[in-house]
Structures are given as C-alpha cells and as structure tokens.
Amino acid sequence: MSGVGPERNRGISLAEPLLFERGSAGRVGIDVPPLDRVEREVEPVPAELCRDDLESLPELSEPEVLRHFLRLSQWNFSAATNFYPLGSCTMKYNPVLDEQVARLPGFARLHPAVPDAFAQGALGLMAELERMLAEVSGMDAISLQPAAGAQGELTGMKMIRAYHAERGDPRRTVLIPESAHGTNPASSALCGYQVVPVPSGREGMIDPAAVAKLADERVAAIMITNPNTLGLFEKDIVRITEIVHAKGAQVYLDGANLNALLGVAKPGHMGADVLQFNLHKTFSTPHGGGGPGAGPVGVRQHLADYLPTPRVVRTEHAWTRSDAAPKSIGRVHGFFGNFGMLVRAYAYILALGGDGLERATALAILNANYLRHHLEDAFELPYREPCLHECVFSDRRLEPFGVRTLDVAKRLLDYGFYAPTIYFPLVVSGAMMIEPTESESRETLDEFIAAMHTIVAEAREDAERLKAAPHLTRVSRLDEVRAARHPVLRWRPRSESA
Amino acid sequence: MSGVGPERNRGISLAEPLLFERGSAGRVGIDVPPLDRVEREVEPVPAELCRDDLESLPELSEPEVLRHFLRLSQWNFSAATNFYPLGSCTMKYNPVLDEQVARLPGFARLHPAVPDAFAQGALGLMAELERMLAEVSGMDAISLQPAAGAQGELTGMKMIRAYHAERGDPRRTVLIPESAHGTNPASSALCGYQVVPVPSGREGMIDPAAVAKLADERVAAIMITNPNTLGLFEKDIVRITEIVHAKGAQVYLDGANLNALLGVAKPGHMGADVLQFNLHKTFSTPHGGGGPGAGPVGVRQHLADYLPTPRVVRTEHAWTRSDAAPKSIGRVHGFFGNFGMLVRAYAYILALGGDGLERATALAILNANYLRHHLEDAFELPYREPCLHECVFSDRRLEPFGVRTLDVAKRLLDYGFYAPTIYFPLVVSGAMMIEPTESESRETLDEFIAAMHTIVAEAREDAERLKAAPHLTRVSRLDEVRAARHPVLRWRPRSESA
Amino acid sequence: MRYLPHTDADVQSMLRSIGHEALGDLVAHVPADLRRRAAIELEAGRSEPEVLERLTALASENRPLEKTCFAGAGAYPHHVPAAVDTVISRSEFATAYTPYQPEVSQGTLQAIFEFQTMVTALFGLEVANASMYDGASATAEAVLMARRLRPKAGRVLLAASLPPAYRQVVRTYLEGIGDFVAEDVSFGPDGRVDSAALDRALAGAPVAAIVVGYPSYFGVIEDLRAVGERARGADALLVTVTPEGMALGLLREPGAVGADIAVGEGQSFGLGLSFGGPYLGLFATRERFVRSMPGRLVSETIDDRGRRGFVLTLATREQHIRRERATSNICTNQGLCALAATVYLALAGRTGLRALADRNARRARHALRRLCDGAGAQPVFAAPFFNEFAIRLPAARRRWERALAVDVIAGVPLGDAYPELEDALLLCVTEVHALSDIERLVEALRP
Amino acid sequence: MRYLPHTDADVQSMLRSIGHEALGDLVAHVPADLRRRAAIELEAGRSEPEVLERLTALASENRPLEKTCFAGAGAYPHHVPAAVDTVISRSEFATAYTPYQPEVSQGTLQAIFEFQTMVTALFGLEVANASMYDGASATAEAVLMARRLRPKAGRVLLAASLPPAYRQVVRTYLEGIGDFVAEDVSFGPDGRVDSAALDRALAGAPVAAIVVGYPSYFGVIEDLRAVGERARGADALLVTVTPEGMALGLLREPGAVGADIAVGEGQSFGLGLSFGGPYLGLFATRERFVRSMPGRLVSETIDDRGRRGFVLTLATREQHIRRERATSNICTNQGLCALAATVYLALAGRTGLRALADRNARRARHALRRLCDGAGAQPVFAAPFFNEFAIRLPAARRRWERALAVDVIAGVPLGDAYPELEDALLLCVTEVHALSDIERLVEALRP
Ligand SMILES: Cc1ncc(COP(=O)(O)O)c(C=O)c1O
Ligand SMILES: Cc1ncc(COP(=O)(O)O)c(C=O)c1O
C-alpha cells in the first residue's frame, strides 16, 4: 500500500453546492409529454384551490441532478467502503444480491391493495419469513409490520398493555436497566408507562436481587437488552425473567443485539414474552443513512392474539390477509410494514441458512473478542466479563493527556475508519462501543487495532493534533453548539434569509 | 460553495492495495454448491489435461471484493461526476435509463444463437437503429457489427478494397490529412494500403488543390474527418469529394465527430461513400474507462453489397439474419457487434427524437464557441475559423513562463476538471483540444473558464507550483518514462518479482 | 460462505492469538441449558443463483398488472425515474448509518438538508424533519405532538375521510396513553368534512387538533380555510394529512391556508409501490413548534475553519438524549426513502412537479367522465378531487370482481371500510395510465 | 429536454456574450446546400417512461428461455454475480474515458493492472493486454501479430475446429493485407486437429502460426503439446484460442504447454449473453513479444513522491503514436467488460473458478450420458471435452425443431457450418442448467 498512516488517504473530494444554489429558471430533469386533447378539455381543479408556484424547488437538468448526488455520495463513509465499527448498529455486509431481488418487478411494482390472489408470492414470502424468525428466536408468532426497532418496541409494549388490560389488571410501570437504549424508555412512555430504572450491577449485568426488589404488582414489564449494550450476556437472564413472571409482569426483550445470539441462545428460552427483531441489523438490510429498517415483533403464544393486523394466514389453497383478530392492538403501519426490507432479509436468511446464521454469530463474537483482547492494553475496559458481539472501552487512560473519546473518534476518520458508537451506554464514562460484526476480515481488524494504538501514541506525543482531528476530511470538526443554538433547518434565498 | 479555488476539493481518498495483496488461503467470494451424485460419478477431464492450481487468483470474500472496487471507483474522475472536456471524445451525459433498459432480461439474457423467432425484439431493434442511423447521416445502408470506431474504419476500408477489387482496379494508397486521428492511418495500413498524408491548409482545413495534386489513379480512398480534429468544418468538403470521386476513388468519412453535424449537414450529402458512427460518442453510450463502444458503418448504395454479414432483413412476417451476400467482406465480429451498446444508443435516440438530436448538436456547438470565445484572450488559438463542437488552443503564450500544456492539464485536475485532450492533433504544438458537449450547463463552463484564467495567472506568478501539479490527487505526477523503460505489467509475489 | 471472510485457518489463528481454542469457548459463559437448545433448524445456505432463483419464482407469483391496476387508497403508481435508483443504489448512501460522525457523512447530511427544504416548500411551512416511517405513523406523531402543544385538551378530531388505516394507526398509538381519545368526524355529501358535524364535535370538551385529509382518502380536496377557521376558533391545531404527495404539486400549500402541522406520505416521490413499503412519512410544522417536533433534524453550521457543513441538531428532543421524555421514540427512520424523494423532487423540480400533478388531475377527470359515459358510473362526491375519486355503480363489487377476471383492478371497493358506500369503488388514475388503459377499465366495468 | 441543461434564456445570454444572435449563426459557415437538407426526420423525443415502455416491449419480444437454452457455440450461459453489476454500474467506472490522465484515473488503471495479472495467470503467459473487442478479433490480431513475428512466412494454419465465425473474422482481417493467407486444417475423428493433415499443411511454404481452439468449437480439448511440438518443428508460433474462458479454470495453462500467443473470449466471466456483445477479447503472450503486441497495456510505476501508481505504457506500439506502423488500429477496447471480468475472477478466485469449471465439465458429461441413454444420441467425437459436445442423432434437425416447439433450444445444428455434420447438434451445459433442465432436454430430443 502506498504511503503509511492516515496520509495515504489524502486526496480529492469534489465540492458541490446545494441543489438550490444551482440551476436556471425553466430547467427541468423530467419531460412531461404534452396534454392530450381530452385532458385539455376537462374541467381542471379550481384555481382557488391551487398553489401559485413551486418556486423553491430546484430547476436542474437530469445530468446536473445526477452529478450532484454522485458527488455527495462520495462524501460519506459507509459500511460498504469502510470498516464501520459502530456499536449497537451491527454494520455487517449488505449483500448486493438482496438489492437486486428487492427490485424484481413482481415485488417492486406490486400495489399493496391488490387482491390476495395477485400477491401470493409476496404473502408467501412474508409467511416464510415469519416462520424463519420464529425459528431463530424461539418465539411462537411474528408480525412483520413494525417499520423499525423502536416501532417494534412500541408494538410490543402496546401488546403487553392490552394483555394486562384484558386481564383487568392495568399496570403502571416498566423496569428498564440504566444501560438500555433510549428507545426503550421512550417506547414505554408512549404506552403511558412510568419508567423505573434498574441499576447496572457491578459486572455490568443486571443483578437479579435488584430486580426482585423493584418488581411489584404495579410492574407491567421489564425491558431487557440481551446481550446488553455493554456486549455482555445477561447471565442471570432466566432467573430475572422468572422473578418478573412471578409478579405477573411480562418480559420485553430488545432484540437489537440478536446478532450475538443466533445458535447461542434463543430469547424464547430465556423467558422473553415479546421481542423485536432489527432486520437492518441482524438480517443485513442496509441502513440507508438512517433507514428504512424493519422491526418485526415476535411473541409467545399467550400474546399472539394481540399482534397487529392484518395477519398473513393460510386458507386451504392460498395465502390471505386477515383482519379477524378482535384482541389485536390494531395497525401500526399504513400497510404491512417495510415490505422491501422483508424481501432483503428473507434473501439473506436463505443465503446463509441455519448453519450460516450460526457461523455468522460465532464469527461476530470472535471478531469482538479479538478486538477487545488486542485493545485492552491501550484502552481501559471498564467491564471485564467475556463479551459477545461488541465491547465497550472508556477514555479514562487518555485523561492525563487531555484527550477524550471524541478525539479518538475523530482521529479514526483520518485513518479511513468510521468511529465506534461514543458516549453510549451512559453507564461507562467516555464510552467507545465497538461492534466489528462478522463481515470484517482479520486483516481489517489488525489495521484498526494498529490505528487505535497509534492514536494512543499520538495522544501522548501530540495531543493538540489529535484534538484538532479530523485533518483529512472535507470538513473539519463542525460546530454543533452553534447549530443547536441557531438551527438553520432549510435553505432560503439570500434575500429571505438575510 | 465552501472554500475557494482548488482547496475546496481537498479531502479523503481511501487507500486500497491490489487484490493480490489481500486475502487468505481458501477464502472465496462465491459459493459453488456441492456436486450431485451423478456429477461425482462421471468420468472427469483426464488429469493430464488439467492445470495444477490457480494460485495467482485472489482469495477474497464477497464484501472484500466489493469494498476493493468501490474504493477504486472513487479514484476516478468521470463524465458523470466531473466536467470532462476531453476533445474528440464527446463525453456527453450517458443517461442512466439506458443502463436500465440494456439490462432488461429480454436483452441481457438472450443467447446470440437462438433462432430468429426467439429474438424478434432484438432484431427489430437493430433494424430500427439502422434506419435511424441512415436518416441522421444520409447514408443508404448500415451495418451495426463493428465493435468500435476503429473497427468501423477497418470495415469501411475493407469494403472500399473489395469494391475496387471487384472492379478489377486494386488501388494502393489512401489520402489522409495530417490532423487525422491515428486510427485512420492504422486502419488503412491494416487493409494493405499505403498512407499518403495530406497537409493541413493554412486555415486548418484541407486545401482542395492539395487533394487534387495528390489524387491519382492509385488512390483508393481519402479518409476525411469532418468536422476535423480542430473542430472546423471542412468547408470545401463537397469540392474535395468531387475531386476524389472523379479519380475513381472513394470517400471514407470518419464519423467520430458526428455530434457536430446532426441537423447541420449529412455526410451522405457531402459525398461520403462510407462512414463509421461512434455510438459511444454521438449516441451517448458510456465509455466504460476505455470501452466497450460500437462503431456501425454506413454506406451509399453502391457499397451496400459489401457490408459485413449477417445482415438483419425483413421477410414477410418477421426479422431474420441473413448471410446471403456473396460480395460481403464477411464478419468482423463473433456475433452481431456490441449489441448491449446498440440498445443504449437506440434508447438515446428515442429519448431525443429528431428535434432533440438537432438541438443537442446546436448546443454542443454553442458550448464550444462559448468556451473558445472566453478563453481566447488567455490562450493562443492557432486556427481562428469558427469552430463547431470543439476548439483547439496551443500553449504558445505560456512558453515565457516555462509552462506547458501538460502543466495546465495537470493543474485542472486540482480544480476538479478532467483535462482536455492534449498534444493532439499534431498540427498544433502543445495542443489543448476542448470539447464540452451539450451536456454541460453554462455555469459549469463559467467555472472552467475561471479555472483556466486562474491557471494562466498562476503560470505568471508561481510557475513552479503549476509544474508540480496536481497537488490534491491521491498520486502526483506519475513516472511514465520509468514505466516505458521497465514496464511492470502484472503483479507478482514478492519472492518471484525479486 | 461468500459473505464471511474467515477461513478456518483465520479462525484458528485468531483464537490462538486471544488465548482460546474453539469458537465455543467464547460463549461458554452463556448458560448451558440455553446453548443446548439454540440450534437453528433451517435449510442449508444457498449459493447466489439459488437465492435468485427462489426469489424470482416468488416474485413471479405476484401479478402487479401495473397499467391496469387502478388502485390508489394510500399508495400511488407513478413512474420512478432511473436516476432515483442510481442514486439510492450508491453504496455510500445505502450502507451508511445515521450520520453520527458528520465529517464523514456530509453526503447524507446535505441531502437531508435539501429534503427538509423541499418538504417545507411543498407544505408551505417553516420546518420539516428528516422523515417518519410512513404517512400513517406521521399522522399519529402529529396527533401526539398536538397533544403536547395542547396539554389541556383530551380529544382529537379525525376526519372520517382520512384513510382508514391512518385512523387505525392513530388509535393504536393513542391507546393507553392517558386521557386522550380520537373521535371521528363524518363527511358531508360533497365528500368534505361535514361542517355541522364538526361544529357539534368542537362544542364539547377541549380539542387538541382537527386532523383532515388533503386530499382525503376519497381524493377530495378539503376546504382548508374553513376547517382552519373553526380550529382556530376552538384553539385547536389544524393538522393536514396528505396521503398522495403528488397532490402538493398542484394544491395550495397547507401552511398557507391554516395548517399548523402538515404530514403526508412521500411514496409518490420516486419510491414505487413495493407492496406497501418502505414508504416515507413527511412531517412539517411551524418554526415556533420545532422543539415539540418528533424526528431527526439537520442544521447548517460551520466547521472550525469556517466552511459550511451540516449536522444533526436539536437532539435534546430525541430518545437517545431525552429517553422517556423524548418527543417520540423514533430512531431509525426512512433515510434512504427521503433521499429518493430528494432526487425525485430535484428532477421534477419547479416545472415538472406542477406539470405532472396537473396531468394526474386531468387524466383522473377524463377517466371519471369516461366511466360515467361508458360504464354508467356516478361520482359519489361533488367536491373537487385530485387523482382519485369514488364512483357509485350498481352491483359495484360484482363488477369489480368481473374486472379482475380480465386483469383489470378497478380500484378498491369502499364497502369494507365504509358500509354506507357498499356500492362504491375508489379509483386512482395517474400519469402511468394511458388513455387506452382507461378504456380497458371502462370496458371491464361496463354492465 | 431533460438531458440538456440549456434553457432558452441560457442560450440567448450565451449567444449574446459571444456576439451572436441565433444558434444558426454558429453554423452559417457550413455550406447552405448541406444545411438545407440536413433536417432529421425522426419521431419526436420521448419522456423517460415512454422510452422505457418501448424498450420493455421490444425486450419482451425476445424469448431467452435461459435454463432450457443449451446453445454455446461461442457464448456461454453462466450466472453473473450481483457484485459484478454493482461495480460496473458505478458511474465513475462506467463514464470515464480511457485513462489518459492517470492521476485521476487510478481506479480504472489499477483494475486493468489486476485484470492483466489474472489473464496472465489463466493463460500461463507473462503479458496480457487490457482487452480486445472479442474472441474473434483477438484471434485475428494474434494472427497479424504472428505475421509480424514471422515476416517471411506467407501462411497461417487455422484449425477447422475453431469457431466458424472466428475463422471468418480472421479471413476478413487478412483480406488484402498482402501475401498472407489462412488455410484450414481439418479435424480427425476424435475431434482434435488431424495430425496427418497438419503435417501435410506444414510441409509447404513457411507458416507463421498454427491456430487451434482450446477447447475447440466442438468443446474438444486439444492435445496442445503435440501441436506445439509440430509448430516448433516448423518454426511456427502456436496460437491457442479459448472461446469459453471458463475452461481455463480447469485446463492446463496454454502457456505451460507450448502456446506463444493465447487469446480467448472472456464473456463467461460475468458478462452475460446480451445477444452476442459486448464481450471481451483476451490476449496474452510471452514477455519477449510484448513490443509486437496489439492493444493497451498498463504498467506499475511511481509518482514523484515515490508512491505506487499505474499508467498506460508502451504506447509507441499504438495507433495514436505510431499511426500506420502501429501493431493494431484498436483504440476504444472493451474496458468495462474487462472490469467485469476482473470482479468476476476476484469473486470466484482460486477456489471458486476451479470448482465452477469442474462442475461445468461434470454436468456436461452427465448430460451427454443422459442424451445417449435417453434420446439415442451418440457423441460425435471421442476426445475429452469441456462443457460443450457434439452429438449425432437421426433426423437431428427435425428433432431440434421439435424441441423448439416445447421451448427447449437443443443447442446449435452443426450442418450449416459443417455439411459433413448435418446430423449433429452442438450442445452446451453449464452450472445454470439444473439436472431437471437436462431431463427436459432429453425429453425434448427423444425420438
Ligand atoms: C439496543 C437497541 N435497541 C433499539 C434500537 C432501536 O432500533 P431502531 O433504530 O430500528 O428503531 C437500537 C438502535 O440503534 C438499539 O441499538
Ligand atoms: C476522430 C476519431 N476517429 C476515430 C476514433 C476511433 O474510435 P474508437 O476509439 O471507437 O475506435 C476516434 C476516437 O477517439 C476519434 O476521435
């Protein structure tokens, strides 16, 4: 490889203004054929209902629009182009085949309101995917409707609410460990629950005793992430779920970290009553710069009647959509969820098969332990229990040099690596949460390890340079405080914005 | 736009080794399912006919291969991402729709040996494209078989040879203007012809008198590029072709510059007997980093019998491929040419229609004249006749600063522009041949003009910096002499290459 | 396995370097009882051509019909320009995460900023977020936001002419949230919100918001000014819901005629139908409400050398900072769909979007006329509509079924969701339906 | 028009700035008589959906059959991995020109260098170029190169078992080039070059090269050593031609068994069938012949800071420098196809290519056995074959036509090109044909 260190990543990154700063009045990137006579003759929408103009929209030709976005794309790091060790996000390889199959016209052009007979392939795929998700998780029934993990949580908690309500025992609180992802308390709150935090035990895991103390008859559920956000398997999970169940409460398992569990342990066996799957993590649908994802929920039998409608069910000869579920919490999506992502996840599972999924998990765990082992002499590892798919370091040892987690993160960018998840979970100060996934080769991990060690050396030798990182990116550190104080949330013509 | 000048293009360009420098023994990017029993049972190819190993091939997983090439792709400038004013290359916008349609399974998966009845769409498309090309050029018959412009030339010259041979008048020489593209003499030589150069006239055009002097009965043909490589319309073209025809010779028109002529003048009316079309120029099929292109030939009626076979012909009910052409020069391609490129060109012509093609030419000419006008105070314009689709400057005025065309070209890269074609045509010393095409907006041209002026200022003020350009690209000037003296044409394991 | 770089030798040497012998050692701390039962019983993995073959077979069991499918009802057939797919297929966009490290995510960030700008333009409002899951959940989030802004109100009024699925999602979201209920307000004979019913509904306890379709589920264009005045009179917010984003190319911006929050479905902007998802929830509101808003926001800012750049901002509204007090639980949104819409809107732009919307409205009108003349249909509602309309015709459902037999999907029977409209069909006509397709429709529905 | 940025106002202002009034002024110097007749009479332009509709209609008039198409004959059905298309769809690769400015073309250049390396590995030779148009013209170029290397020889011997189209292209290229002719050498009953015939042919005037298929048009694997010895004995070069590149995954490298120049068709490496093109001419030779070689070459070098980089090199062989004395007239080649092959070969790699080639050979053998057992076929030739083979069966052509009626393309009848093989069919079986597809073939050809 030419050059050494970050300098070998120096190069050109093409400038590009905003869409609105380009163009010329009347330019257009699509052609709309002239109206037919019969169209000209009809009575149009009354003028008083129509807008005057769309003047803030761009006026650009097709090649200009394309060049614009191609250049923008090159400003991004991505899992395809970079090692992207973003903890809790499972940035694994997104197979390009899955992009191809999701675009097959039979899927991509199918209207959601076609009668069942015209959608047997789509419905059959959904049914099969439900079966697959049930198998990997040990759950009994699945709904594919939630559009992302957080909506899966919401769906799950609404089911738990409905379950308690049905039994005439509305409950008020939800137990949530301190290390939980923010969506857990937010989703609980959206169901009208009050959140009761469960402190992290000394080893980074939940102490069953603490749960026992908090679990009373007001508790509707506990939300547990397993492995938790420290990458640690909750070793007392069975005990904890027993305690909670004994109080009549339900167990919600946040399945965002399922990539650590395939072939290792099934949530259904741990006592989980509901869990969500983040297909955009474990099952490899691309993250899209923030979405779309898909957050199916799985439940044990006693909650199956509460699943959202419509459900895909089998009649004698065909697949059909059914709304016949009087106890259902109803819909959470305008149609059946992010179907295009379901196609991708299905293709992914087919490609790996049962053995492949298990192997992927085993390798994800291997990669995380490999990084953990080779970085623990350089960074403080606050929790020393064996990790599964990710590990969390703190920046404590860099304090003497005035260097913080943020500086390490920014410097990694110069080396061509995306940064770990930082400052989360909150239980670790200056957390660096590293999740390599199974998709990265040993060589890449070694390069990352070398970069991290070099950064520690830089902290010692030239902390100022580190604190000014990144140096090679097209913009340097951005002023986030300014943005929060004086947000500029849209472009405006100079005259207006002045 | 943030920043000014080339500095705004500074950024990250990710390093990436060779395929062979990565990987691990046994890694593989495809899965081949295990052999079936019946396959295991057959008698295999005898071992003595088999190779031992493919050890120099890479051993990489799919995500590694993909990341490799995605990173490499970002090291390229391209017409989609950059203004690419490469003269004689017509780097116009390549519609992404055309990529989509060429991939329709009905085209992309069609075997060339299927019977005609299974290929009516493909054959019909070819027939229609032939008709379109005949219409735009004023020629009578077309073969789509040549794979690129140079093969079109070869095909055309072979036809001319056959024509003369048939008349019992084998001729020996071909007249070719000095400014011609290298493929013209090379193609002529491949037909056994001796090349007789025609000097450029003072205005950059061919002097009919010079042609008259050279045209004798040994001349098989003249090869003319019109507009020529200076971007000038050969104003005496009709006179010249008359002179040549009067001597029994044929006129080959190099159609590489046809983008300057649509709706302006048809080669068939100028006296051309044969011409090739560069579909990858005028008709917008992408250049692919060097190909594939497509170089159909068009002829007047008297040469139609010599066209390559098979030809697409219409029977009463269907399209069919016919080899029935006893005078044909035969095949130049294993099948029917670069069919996938024909699909793209056809889609392009449909999109523009007759009017659109004419407008494209008019705008290509406008853009070239606009650049010419706004650059001629900064650079010497050796030929001052009105240009069509491109213009050629020399570096004469930069000589006092010790700056050459190469330096200007390299510096343009820092500004995010590809360089013009340089040092061609040979009739201009230090030539910079600029072809903007119709696809670029006025704003982009203005930015290019500004960059060129700034570079001239840099020549005056800081010639050394200019001569060390490019500064921002991931590699700086490469040692081409070293490569030519000690070519390293493949990777070898360190042990072997040492 | 082609996706996994590790060879057995890699695994062995990595294990050795960290002091282990077998992969199983790394999970030895997981309770044995769980591990014992964890094996996944699924078929063996498949090669790429095998996966492709299976998916192709499934896809071919679907029959989209396309040009003779006249269903709208929340999902609208429009041409997707090739450039949209080219852009969203860029791996750098498709496989990036939420742009947490802005210095290497400027591509995504600038595109979202452009998206926000265009959404505000479409709705005539000042701020828009980076997307919600879909039109339905965006509506639910708007109702929740209205509740935050009007904490004393215990009701929200939903126009019965909102898409039924949207109303269901709102109700799911509201269930159990506290003393806050959704009430339907019926539509009048012209298809618009029935003003008398609205007045009656407003007369009761305080109302946080009135939520109306724009256009409605029936394609009807609401008189927003009138509804907005009533809302203001009752100190309720006006929330508009646009299930067919294309309508915004033609209709008056909701923000200009009284909407406080405007949400919608952006599927029409380059997303294709895809059996109902992924789609794109649009969400816009007034600047003064920005801190109550759900969803991600991107702001312009500068870097430490003064260069323009973009960052995520106002994260203190969001779950990862504010946790149970966040304005929403949304995390992953529909980023790539928002990018698709940004490309679409940039291509169509000022002139093209208007022209397309105009063609939609006109072609739908032509279709209605032909259905009346040729198939004996009657429009159900008299109010102006966009590209979707309800017709009444005798034995509607039987004729609709007969049309299926000739491969025409004559819209959606309305009787399931609206028993009073048992003899009505809801039809959608866009630029993808040629005049000849409309004739096929008429033919298929002829008595 | 969506591809053209210029508005009328842009045009006017640009014209004004350069002192003109109308676009027509800029072509006023073109003879009026030419201009007057130049108008293009074609239909009006079309919108994107209209173009798509037309092309989709044309595409659907083709019937590829795919898994029941058993034609080879120079074009081979193989699965194209999705990653290949992802890479060659990258605009930065697809829309770049030949890498004249290496500093901003390193992506293309490094990929070509990798391609050259892999082609030399496949052929067992030392240098390979950046591609020729296809296997046929690569063969012609090889013959021309042999002629340059053996200037005294006036003949080249072409195995009659080379693909007929290849032989035709060679003859077209040779026509008129001077005193140099191509002579066919017949094949023996085992399908290999008939050694007696070869000896007879070599006995005459000097021969520049012997050109043999490897495998041949009939799929037959030539005994290269034997032919090579004869070539060396006659001071002729041995040129091998591989119409089915996949064979190189299994067969001995031609360079290791005597080939001086080895050419081939790389279509099997990720290019798909595409009705015959664009395909990929492969061209390799010995290091000492490099300066006689046609086509583009990329070399490693360093930049002025010592960093590795890649450049085009040895351009003095090429037309743009050497003009009429160039080694070839080729300019545009098949760059993007070479990139596709590079991606394909990188994915398949050392293990995968061998496994695939092995499966091809075995599945073809199984098919032949089934055809013999089930349809009364007889192999025409006894020599070992790769994935293609000729069978003889009574009334072959009639049975072939009958098979078409049940949507089976039972290969290619050999009678047209080889009258002596009128009752023979040439069949190709690859990994895309499932065992059940082979049964359909057998069924379709059953008497
Ligand atoms: C542990 C955990 N839970 C839940 C979520 C929420 O999932 P989504 O972003 O799909 O809504 C995440 C996402 O980052 C997560 O990491
Ligand atoms: C004037 C001219 N003629 C001929 C050619 C040869 O065309 P091709 O590269 O397609 O073989 C070119 C290509 O650059 C050219 O510019």
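Chains as they are written, first to last, in the numbering used here: chain A, 71 to 568; chain B, 71 to 568; chain C, 305 to 751; chain D, 305 to 751. Glycine included, each C-beta is placed from N, C-alpha and C at the ideal position.
- For M436/D, which residues in chain A fall below 9 Å Cβ to Cβ? Here the question's residue 436/D lines up with position 132 in the fourth sequence. What M436/D touches in chain A: nothing, since even the nearest Cβ is about 29 Å away.
- Message: Are there any heavy atoms of ligand 3 lying less than 6 Å away from the beta-carbon of A279/B, as far as the coordinates show?
- Response: By its list of ligands, the structure shown excludes ligand 3, since it contains just ligand 1 and ligand 2.
- Message: What I want to know is whether the C-beta of T636/C ends up closer than 6 Å to one or more non-hydrogen atoms of ligand 1.
- Response: Residue 636/C sits at position 332 when you count from the first residue of the third sequence. Result yes, Cβ under 6 Å from ligand 1.
- Would you decide whether K283/A is buried or exposed? Buried here means 16 or more other CB atoms lie within 10 Å of its CB. For the purposes of this step, residue 283/A is taken as the residue at position 213 of the first sequence. So K283/A counts as exposed.
- Message: Which residue marks the beginning of the beta strand (DSSP E) containing T443/C, and which one marks its end?
- Response: What you label residue 443/C is simply residue 139 of the third sequence in a count that begins at 1. From DSSP, T443/C is part of no beta strand (DSSP E) but of the alpha helix (DSSP H) over G439 to L453.
- Could you check what DSSP says for M502/B in three-state terms: helix, strand or coil? Residue mapping note: residue 502/B aligns to position 432 of the second sequence, counting from 1. M502/B falls in the strand class under three-state DSSP.
- Are the segment 366-374 of chain D and the segment 519-538 of chain D touching by the rule of at least three beta carbon pairs closer than 8 Å? no
- Would you say the segment 132-148 of chain B touches the segment 319-336 of chain D, given that touching needs at least three Cβ pairs under 8 Å? no
- Task: Determine contact between the segment 676-688 of chain D and the segment 484-496 of chain D, defined as no fewer than three beta-carbon pairs at a distance below 8 Å.
- Result: yes
- Neighbourhood of P240/A by C-beta distance below 6 Å, restricted to the same chain and skipping five residues each side: Residue numbering aside, residue 240/A sits at position 170 when the first sequence is read from its first letter. Contacts found: H234.
- Task: Output the distance between the C-alpha atoms of S72/A and Q410/D, rounded to the nearest integer angstrom.
- Result: Looking up residue 72/A in the first sequence gives position 2. Looking up residue 410/D in the fourth sequence gives position 106. Low confidence applies to S72/A: its pLDDT is 36, below 50, so where it sits in the model is not reliable, and the reading given next is rough at best. Between S72/A and Q410/D, the C-alpha separation is close to 13 Å.
- Beta-ladder partner(s) of T546/C, from DSSP: Numbered from its first residue, the third sequence carries residue 546/C at position 242. Bridge partners of T546/C: G568/C.
- Item | chain D contact residues for T151/B, given Cβ-Cβ distances below 7 Å | Taking the first residue of the second sequence as position 1, residue 151/B is located at position 81. The contacting residues are S395 and E396.
- Query: Under a three-way DSSP split, which group does D343/A fall into?
  - Reply: The residue you call residue 343/A lines up with position 273 of the first sequence. Correct three-state label for D343/A: coil.
- Could one say the Cβ of W389/B lies closer than 7 Å to chain D's Cβ atoms, at least one of them? Position 319 of the second sequence, counting from 1, holds the residue named residue 389/B. No, no contact with chain D.
- Item | Length of the line joining the Cα atoms of E628/D and R237/B | Mapped onto the fourth sequence, residue 628/D falls at position 324. Mapped onto the second sequence, residue 237/B falls at position 167. Cα to Cα, E628/D sits roughly 26 Å from R237/B.
- Query: Mapping DSSP to helix, strand and coil, what is S72/A?
  - Reply: Locating residue 72/A in the first sequence gives position 2, where the first residue counts as 1. Bear in mind that a pLDDT of 36 at S72/A, under 50, signals an unreliable position, so the number given afterwards is only what the model happens to contain. Three-state result, S72/A: coil.
- Item | Assumed close pair T543/B, L458/B - CB separation to whole angstroms, cut-off 8 Å | Sequence index remark: in the second sequence, residue 543/B carries index 473 (1-based). Sequence index remark: in the second sequence, residue 458/B carries index 388 (1-based). 32 Å between Cβ atoms; not a contact.
- Message: Beta-carbon within less than 8 Å of V473/B's beta-carbon, same chain only, minus the 5 sequence neighbours each way: which residues are those?
- Response: Locating residue 473/B in the second sequence gives position 403, counting from the first residue. Excluding sequence neighbours, V473/B sits near D465, A529, A533, L536 and K537.
- Ordered along the chain, which non-local residues of its own chain (more than five positions away) have a Cβ less than 6 Å from that of L453/D? For the purposes of this step, residue 453/D is taken as residue 149 along the fourth sequence, with counting starting at 1. Closer than 6 Å at the Cβ level, and outside the excluded window around L453/D, lie S596.
- Determine which residues share a DSSP beta bridge with G517/C and list them. Here residue 517/C refers to the residue found at position 213 of the third sequence. V545/C, per the DSSP bridge assignment.
- Task: Have a look at G157/A, L105/A, G361/A and W561/A and flag the residue whose alpha-carbon is nearest the alpha-carbon of N437/A.
- Result: The residue you call residue 437/A lines up with position 367 of the first sequence. Answer by Cα proximity: G157/A.
- Task: Could you please give the first and the last residue of the uninterrupted beta strand (DSSP E) stretch that includes R391/A?
- Result: Indexing the first sequence from 1 puts residue 391/A at position 321. Unbroken beta strand (DSSP E) run through R391/A: W389 to S392.
- Query: So what does DSSP say about A409/B, is it helix, strand or coil?
  - Reply: Taking the second sequence and counting its residues from 1, the one referred to as residue 409/B is at position 339. Checking the sequence shown, residue 409/B turns out to be Phe, not Ala. Helix, per DSSP.
- Task: Could you check the C-alpha separation between V112/A and D662/C for me, to the nearest Å?
- Result: As a working mapping, residue 112/A is identified with position 42 in the first sequence. As a working mapping, residue 662/C is identified with position 358 in the third sequence. Distance between the alpha carbons of V112/A and D662/C: 11 Å.
- Query: How big is the Cα-Cα spacing for E357/C and A709/D?
  - Reply: Here residue 357/C corresponds to residue number 53 of the third sequence, with the count starting at 1. Here residue 709/D corresponds to residue number 405 of the fourth sequence, with the count starting at 1. Rounded to whole angstroms, E357/C to A709/D spans 24 Å at the Cα level.
- Residues that DSSP places opposite G266/B in a beta bridge: For the purposes of this step, residue 266/B is taken as the residue at position 196 of the second sequence. Strictly speaking, residue 266/B in this sequence is Val, with Gly absent from that position. DSSP lists L245/B as partners of V266/B.
- Contact list for V355/D against chain B, beta-carbon separation under 8 Å: As a working mapping, residue 355/D is identified with position 51 in the fourth sequence. Result: L167, V171, A417, L420 and A421.
- Task: Determine the burial state of T311/D: buried for a count of at least 16 other Cβ atoms within 10 Å of its Cβ, exposed for fewer.
- Result: The sequence position of residue 311/D within the fourth sequence is 7, counting from 1. Result: buried.
- List the residues of chain A that R702/C touches, going by C-beta distances under 7 Å, in chain order. For this step, residue 702/C is matched to residue 398 along the third sequence. Simply none; closest approach about 14 Å.
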